[in-house]
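What follows is a single structure, written as C-alpha cells, with notes after it.
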C-alpha cells in the first residue's frame, strides 16, 4: 500500500503478520524514523483479525493496516511534527440521546435536554465531512443508542471507509436479523456491545431492560455471522476484581467468539459525576492491567483493550482534546464523552475552529498523561466548582465565570496568558 505526496511517498507492506515501511522521495530520509516508529508500535500489538485482502486488524477502533484508511492514520502521525500541531484521530459522535434502556450509570444522561433539537441528517453529514477534513481516521457513532436514529443506515453509508474506520457503540437490542443484513451492506467496520456484568440479571437490572443480556448476545452472534467484527465494552470496579466477575466476563467473551473486549475504568461522569469513590485505586488499576495483559497474551484471537493502561503515563495518557473529541447529539463539542466541558457548538462554529480553541486552552493545550476525569487537580478546577443542579455540558466560558466567582485567580491568569 502506498501513500503519495509531492515530495514524499510511503510504502507499507505485511510479511509474517508484521508491518514494514519505506519512506521515499525528497523527504524520505527525514520521515523514515516516523514510519519506523509507527510500524514498531503496530507490530507490538496483537493481531486480532486477518482480512481477505491481507490487511491486519490490531483492534476494532483503528483501521486495518495497510489500507487507505490505515495510511491516513500513518500520515496524521507524520504531519503532526511537521505542522507542529495535533490533529484528532477520533470523532466520537452521539447521533442521538434516545435509548431503549435506562441505565443507572448512563454517562450521557445529563446531556439530554428536551428544549434542544438533535442534529439533522444533513447537519451530521457536515460534521462527518469536517471530522475527516481535520484528519480523523476513526468515526464512532454513539448515543443514547444509534439504533434509535431512523437515518442510521444512511449515516453509516455516508462515512467514507477509505478515510476512516466506522464503529458503533450499542446495547445490542437493535441487532435484529434484518437490520444486521442492512448494516453489513452499509459497511460498518466494527460494533461494540455494552455488557456491564457477566451475570445476566445484574446486567439487565443495571440497564433497566428485562432479557437484554441474552438479546445482546444473540444480536452479536447475528452480526458476526454477517461478517461484522464485534467487541464487548465493559468497565472495571474494585468489586468486580475482587469477586472475579470481570475475569468471568473475559472468559464469556472468548467463549462467545467476540473479537475484542474494551475494559474501561469506572469514571465518575453522567449520573455519577461527583461520585469519586468509584475511581479505581492505584493497586486496583495495576490488577486490571495485569488481568487484561494476561488474557491479551493468550493463544486466542480475542484482543483486550485496557484503558487503565492506555490512559496512564505508561500508555498514551488522556485522549480528550489530544487525539479525540466528543459531540453531543445537539452539536456541543467536549474533549471526550466522559468530560462535560463544552468548547462550542457545530451549529454555530466550524468544527475546526472549535478544535483549535479547545487545543489552545491552557488546560488542554498539552498532553495530559492521566485521564483528566480521574485526576484530582482537574476535577477540582472543572467538576467540583459546578453546582449540583448544573445543566451539562458546561460551556468553558461558564467555567471561567465560576473561577471568577470563587476567586480562582491563578486559573484565570493562565487563560489570559494564552
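In our numbering, the protein residues as written are 267 to 684. All residues carry an ideal CB built from backbone N, CA and C; glycine is no exception. Since we're looking at a predicted model, the values are computed, not measured.
For residue i, the three-state DSSP class (helix, strand or coil)
i, result
"residue 316", "strand"
"residue 657", "coil"
"residue 662", "helix"
"residue 430", "coil"
"residue 327", "coil"
"residue 586", "strand"
"residue 651", "coil"
"residue 614", "coil"
"residue 472", "helix"
"residue 455", "coil"
"residue 596", "coil"
"residue 524", "coil"
"residue 322", "strand"
"residue 309", "helix"
"residue 293", "coil"
"residue 276", "strand"
"residue 390", "helix"
Residue i to residue j span [Cα, whole Å]
i, j, result
"residue 534", "residue 294", "46 Å"
"residue 338", "residue 313", "19 Å"
"residue 511", "residue 460", "15 Å"
"residue 332", "residue 356", "18 Å"
"residue 467", "residue 479", "8 Å"
"residue 300", "residue 343", "8 Å"
"residue 606", "residue 446", "33 Å"
"residue 391", "residue 673", "42 Å"
"residue 559", "residue 570", "8 Å"
"residue 375", "residue 594", "11 Å"
"residue 666", "residue 585", "23 Å"
"residue 504", "residue 574", "13 Å"
"residue 285", "residue 278", "7 Å"
"residue 328", "residue 554", "23 Å"
"residue 541", "residue 517", "30 Å"
"residue 527", "residue 675", "44 Å"
"residue 475", "residue 630", "38 Å"
"residue 668", "residue 346", "34 Å"
"residue 609", "residue 521", "43 Å"
"residue 425", "residue 654", "38 Å"
"residue 642", "residue 621", "25 Å"
"residue 237", "residue 452", "Any answer about residue 237 is impossible in this case: the structure gives the chain only from 267 up to 684."
"residue 483", "residue 632", "40 Å"
"residue 612", "residue 486", "33 Å"
"residue 501", "residue 373", "12 Å"
"residue 635", "residue 307", "18 Å"
"residue 681", "residue 348", "27 Å"
"residue 399", "residue 323", "24 Å"
"residue 499", "residue 422", "20 Å"
"residue 597", "residue 380", "14 Å"
"residue 358", "residue 545", "23 Å"
"residue 637", "residue 645", "11 Å"
"residue 568", "residue 525", "5 Å"
"residue 647", "residue 684", "17 Å"
"residue 438", "residue 325", "20 Å"
Minimum C-alpha distance to residue i - residue among the options
i, options, result
"residue 365", "416, 671, 669", "416"
"residue 302", "327, 335, 330, 341", "341"
"residue 639", "536, 277, 669, 298", "536"
"residue 626", "281, 320, 350", "350"
"residue 394", "669, 383, 617, 679", "617"
"residue 428", "641, 455, 613", "455"
"residue 321", "281, 360, 359, 525", "281"
"residue 649", "539, 588, 683, 464", "539"
"residue 589", "596, 577, 641", "577"
"residue 563", "642, 317, 311, 411", "311"
"residue 410", "419, 378, 544, 388", "378"
"residue 385", "360, 371, 587, 473", "360"
"residue 396", "615, 647, 677", "615"
"residue 369", "658, 382, 470", "470"
Closer than 7 Å: residue i CB and nearest the ligand ATP heavy atom
i, result
"residue 312", "The model depicted lacks the ligand ATP and carries no ligand whatsoever."
Three CB pairs or more closer than 8 Å across the region 487-496 and the region 282-300: no
The region 395-409 touching the region 427-434, judged by at least three CB pairs closer than 8 Å: yes
Three CB pairs or more closer than 8 Å across the region 575-586 and the region 503-518: no
Segment contact flag, the region 594-612 with the region 540-549, C-beta cutoff 8 Å, min 3 pairs: no
In chain order, each alpha helix (DSSP H) run of at least 4 residues that lies wholly inside the region 332-385: 334-349
Contiguous beta strand (DSSP E) assignments of at least 3 residues, all confined to the region 545-576: 569-572
Ranges of the alpha helix (DSSP H) found wholly within the region 472-515, counting only runs of at least 4: 478-491, 504-508
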